[in-house]
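Novice: A single structure is presented below for examination.
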Amino acid sequence: MTAAHSHALARAAGPLPVAEGARTPPGMVRLAGLAIPVWPDGVTPSLLEEYQVSPPPVERSGETRRVLAACLKCCWADLSADPWPGVTAPVERVLDTYRALIGRTDDVMRNWAVGALRRLHDSSWVVMADGFVRLGPRCATWPVESYGQLKELVRRLPEPERRELTVLRDADLVEAAGPAPDAGSDAGSDAEAHAQPLAGRVEGARAEFDDLLDAFDERRRAEMVAAFMALEFAAEPVQETRFPALRDPAPRRVLAEMLARRGRTLIQQRERWTSGYDDAVAAKTGTALGESERAVLTLVLIHSVAIPRAEGLLPEDSWLSPHATPVDELRRHTQLPIGELEAALRVLRHAGLLAQVKAGEEAGGYVPGPQFHRLTQAARRRLQEELILAAGPHTPLAAAVRAQRKTGDE
470 MTAAHSHALA RAAGPLPVAE GARTPPGMVR LAGLAIPVWP DGVTPSLLEE
520 YQVSPPPVER SGETRRVLAA CLKCCWADLS ADPWPGVTAP VERVLDTYRA
570 LIGRTDDVMR NWAVGALRRL HDSSWVVMAD GFVRLGPRCA TWPVESYGQL
620 KELVRRLPEP ERRELTVLRD ADLVEAAGPA PDAGSDAGSD AEAHAQPLAG
670 RVEGARAEFD DLLDAFDERR RAEMVAAFMA LEFAAEPVQE TRFPALRDPA
720 PRRVLAEMLA RRGRTLIQQR ERWTSGYDDA VAAKTGTALG ESERAVLTLV
770 LIHSVAIPRA EGLLPEDSWL SPHATPVDEL RRHTQLPIGE LEAALRVLRH
820 AGLLAQVKAG EEAGGYVPGP QFHRLTQAAR RRLQEELILA AGPHTPLAAA
870 VRAQRKTGDE
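Rendered as structure tokens:
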């Protein structure tokens, strides 16, 4: 597996399993059998704030940050050691800490906290299983310089009222976290089992871009790294006027090479730029979405893009739409159970493939998310063909698509 393919897999599906003795891909750190991408020159996405560029929005970001802080309070027991791996804690203790932090105990806040735990689990900031939570591998990428602030945060967080807890196996949390251990295990053995996989140490990342960046002085190198971070992590395509490295062809070629080493490619939208998966790498990587997520995404694209486009309400090349697909429409046109539909919508929102539009106090529906900015021309064409086949499989246009594909295969 090439380094570019490894980075694409890690971006699509999370931390990459690495066999013992296998070489860690450049630009990644190794943590107890997992490889996680790191950012060049030790910067973090917070760099975007200096350029007034917005990162991808986090659903209920306030609750998510507070729940992560509660997890840190419960799992970082020894402040003289690094935060990761920490210790395993019952989910209920984390929720109690969250309640003590916000000063509220109502069911609505508990539901928001559970949703935040799911999001943190899906993005590997925490790991949940069978009523327990521990810090996830992404916490190991926190810069050492930030430990002082994190320690002060942990010291200032209130202690939960209940100190002795019975582990409550919340069925929703277990389902979100993955399969539970054998039913015959007791709470103590569960905690011990969940703590074991975290043994290991963090290995430094192999140099990835030094051969490309060493040709620049310190200021220009910082500009290159800033442009790279903006291309990869900004919510929307960025204006080239904001980043000197995007304005000139020579440094832009270097940026393209940096992206290529991670399985990515430059995408231009007039005077704005972003990055997306390289077509060849994407073909090898495939998709991390399940059948339910693909079905729901297809329905939204049909109702929010294909139908408005056929009515002349959207331009041909646009995959973003202001025309929301109501949840009732999704329920009416899918055979998925309600729980599975909601889980698929949650995954798609978290991946940036869908965005929720509110209408007053009621949910207005769903529209394509910001990830559709990152489609290459070839990806746009393939998606257009797939949408034709899904929306009108028996139309002459669909027959032409199938005939063209058959000719291409031959």
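So for the sequence shown, my numbering puts the first residue at 470; every next one is plus one.
All residues carry an ideal CB built from backbone N, CA and C; glycine is no exception.
Computed from a predicted model, the values in this text were never measured in an experiment.
(1) Pull up the distance between the alpha-carbon of Arg-741 and that of Pro-629, whole angstroms please.
(2) The beta strand (DSSP E) spanning Gln-846 covers which residue range?
(3) Would you identify the three-state DSSP class for Leu-724, choosing helix, strand or coil?
(4) Around the Cβ of His-663, are there at least 16 other Cβ atoms within 10 angstroms (buried) or fewer (exposed)?
(5) On the DSSP bridge assignment, give the partners of Phe-601 in chain order.
(6) In the DSSP assignment, what residue or residues form a beta bridge with Thr-743?
(7) One question on the structure: do Thr-513 and Ala-504 come within less than 7 Å of each other, judged by their Cβ atoms?
(8) How close, in whole Å, do the beta carbons of Pro-552 and Leu-586 come, if the pair is a contact with beta carbons under 8 Å?
(9) In the DSSP output, what is Ala-504 paired with across the bridge?
(10) Under three-state DSSP, which class holds Thr-794?
(11) How would you call Val-498, buried or exposed, if buried means at least 16 neighbouring beta carbons within 10 angstroms?
(12) CA-CA distance, Cys-608 and Leu-500?
(13) Would Val-623 and Cys-540 be called neighbours here (beta carbons separated by less than 7 Å)?
(14) Would you identify the three-state DSSP class for Arg-815, choosing helix, strand or coil?
(15) Could you check if Arg-588 is buried or exposed, using at least 16 other CB atoms within 10 Å of its CB as the buried criterion?
(16) Between the stretch 529-546 and the stretch 708-719, are three or more C-beta pairs nearer than 8 Å?
(17) Does the count of Cβ pairs from the stretch 836-854 and the stretch 747-760 closer than 8 Å reach three?
(18) Just to confirm before moving on: does the CB-CB distance between Leu-735 and Ala-725 stay below 7 Å?
(19) Just to confirm, is the Cβ distance from His-792 to Pro-806 under 7 Å?
(20) Is the stretch 757-774 in contact with the stretch 804-823, if contact means three or more CB pairs nearer than 8 Å?
(21) Going along the chain, which residues of its own chain have a beta-carbon closer than 7 Å to the beta-carbon of Ala-696, five neighbours each way excluded?
(22) Counting Cβ pairs, one atom from each stretch, are 3 or more of them under 8 Å apart for the stretch 686-706 and the stretch 507-527?
(23) Name, in chain order, the residues that DSSP records as bridge partners for Leu-516.
(24) Would a C-beta distance cut-off of 7 Å place Ala-546 and Val-556 closer than the cut-off?
(25) Beta-carbon within less than 6 Å of Glu-855's beta-carbon, same chain only, minus the 5 sequence neighbours each way: which residues are those?
(26) DSSP on Pro-629, reduced to helix/strand/coil?
(27) Using a Cβ-Cβ cut-off of 6 Å (strictly less than) and excluding sequence neighbours within five positions of Thr-794, which residues of its own chain qualify?
(28) Could you check which residue in Ala-491, Pro-506, Pro-484 and Ala-482 has the C-alpha nearest to that of Arg-730?
(29) Would you give the residue range spanned by the alpha helix (DSSP H) that Val-750 belongs to?
(30) Please report how far the alpha carbon of Thr-743 lies from the alpha carbon of Ala-869, in whole angstroms.
(31) Return helix, strand or coil for Val-522, following the three-state DSSP convention.
(32) Taking C-alpha atoms, which residue in Ser-549, Leu-564 and Cys-543 lies nearest to Ala-558?
(33) Put Pro-837 into one of helix, strand or coil per three-state DSSP.
(34) Any heavy atom of the ligand MN inside 6 Å of the beta-carbon of Ala-703?
(35) Taking Leu-882 as the reference, which of Glu-780, Gln-873, Leu-799 and Arg-871 has the closest Cα?
(36) Run through DSSP, which three-state label would Ala-696 get?
Specialist: Reading off the structure:
(1) 48 Å
(2) Run containing Gln-846: none in the beta strand (DSSP E); it sits in the alpha helix (DSSP H), 846-860.
(3) helix
(4) Reliability fails at His-663, whose pLDDT of 39 lies under 50, so the model's placement of it is uncertain and the value that follows must be treated cautiously. By the 10 Å Cβ count, His-663 comes out buried.
(5) Pro-559 and Ala-598
(6) Ile-736
(7) no
(8) At roughly 18 Å, the Cβ-Cβ gap does not stay under 8 Å, so Pro-552 and Leu-586 are not in contact.
(9) Leu-485 and Arg-499
(10) strand
(11) buried
(12) 11 Å
(13) no
(14) helix
(15) buried
(16) no
(17) yes
(18) yes
(19) no
(20) yes
(21) Phe-712, Ala-714, Leu-715 and Leu-724
(22) yes
(23) BP columns for Leu-516 are empty, so no partner.
(24) yes
(25) none
(26) coil
(27) Val-769, His-772, Ser-773, Gly-834 and Tyr-835
(28) Pro-506
(29) 748-754
(30) 32 Å
(31) coil
(32) Cys-543
(33) strand
(34) Absent from the structure shown: the ligand MN. Ligands present: none.
(35) The first residue shown for the chain is 470 and the last is 879, placing residue 882 beyond what the model contains.
(36) helix
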